[in-house]
Amino acid sequence: MTRILIIDDDPTIRFSLSSHFSDYDYEVYEADDASEGLEIMEKEKVDAVIVDLRMPGISGDQFIRNIYETYEGTVFLIHTGSTEFTLPDELAEYDRVSNRVFLKPVFDLEEMNREIETLLKKG
Numbered sequence: 001m002t003r004i005l006i007i008d009d010d011p012t013i014r015f016s017l018s019s020h021f022s023d024y025d026y027e028v029y030e031a032d033d034a035s036e037g038l039e040i041m042e043k044e045k046v047d048a049v050i051v052d053l054r055m056p057g058i059s060g061d062q063f064i065r066n067i068y069e070t071y072e073g074t075v076f077l078i079h080t081g082s083t084e085f086t087l088p089d090e091l092a093e094y095d096r097v098s099n100r101v102f103l104k105p106v107f108d109l110e111e112m113n114r115e116i117e118t119l120l121k122k123g
């Protein structure tokens, strides 16, 4: 079973994503910030992380930079409410980070499913 961690400070977004992925038999973990997300990753093997870009404390892109090398095999997707965000060059070079940034609200969650599966097959 694929394990997904959703890191977002908005409980409504977490609930929506969690409900969707649970319906597809993913094991879902939730965190409201990067620190809590890291605590979960230290305890559980997580296959994929969906991380919000703008959160209190550590941002989503900084979170990925901080842990990318430590958690080999884990893939990352960024979602954000910012229409101006573009993936930094450094993250674009990481092969386990999706080059696609999902804008909130994500209307087609099936696209997220496909992107996660594609990344996991590559990884």
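Numbering (UniProt numbering), first residue to last: 1 to 123. The beta carbon of each residue, even a glycine, is placed where N, CA and C say it ideally should be. Remember, predicted model here, so these are calculated numbers, not experimental data.
If I measure Cβ to Cβ from residue i and keep anything under 6 angstroms in the same chain, skipping five residues before and after, which residues do I get?
i    : result
L109 : H20
A48  : I4, V75 and I116
M55  : D9 and D33
S22  : V28
For residue i, count neighbouring C-beta atoms within 10 Å of its own C-beta (all shown protein chains included) and say buried if the count is 16 or more, exposed if not.
i    : result
A92  : exposed
L103 : exposed
F63  : buried
Per the DSSP calculation, residue i is bridged to which residue(s)?
i   : result
V28 : I4
Kindly list the residues whose CB is nearer than 7 angstroms to the CB of residue i, restricted to its own chain and excluding five residues on each side of it in sequence; keep chain order.
i    : result
V106 : H79 and M112
E44  : R3 and Y29
D100 : One point to set straight first is that residue 100 is Arg, not Asp, in the sequence displayed. Cβ within range, chain order: E115.
L53  : S59, G60, D61, I78, T80, S82 and F85
Near residue i, which residues of its chain fall below 8 angstroms by C-beta distance, leaving aside the five closest residues on each side in sequence?
i   : result
G57 : D33, A34 and S35
M1  : D25, Y26 and E27
Any heavy atom of the ligand ZN closer than 8 angstroms to the Cβ of residue i?
i    : result
K121 : Ligands in the displayed structure: none, and consequently the ligand ZN is not present.
Original post:
Counting Cβ pairs closer than 8 angstroms, one from the stretch 56-67 and one from the stretch 21-36, do we hit at least three?
Top reply: yes
**OP:** Could you tell me which uninterrupted beta strand (DSSP E) segments, each at least 3 residues in length, are contained entirely in the UniProt domain "Response regulatory" (3-119), listed from first to last along the chain?
**Re:** Assignment of beta strand (DSSP E) within the UniProt domain "Response regulatory" (3-119), counting only whole runs of 3 or more residues, yields 3-7, 27-31, 48-52, 75-80 and 97-103 in chain order.
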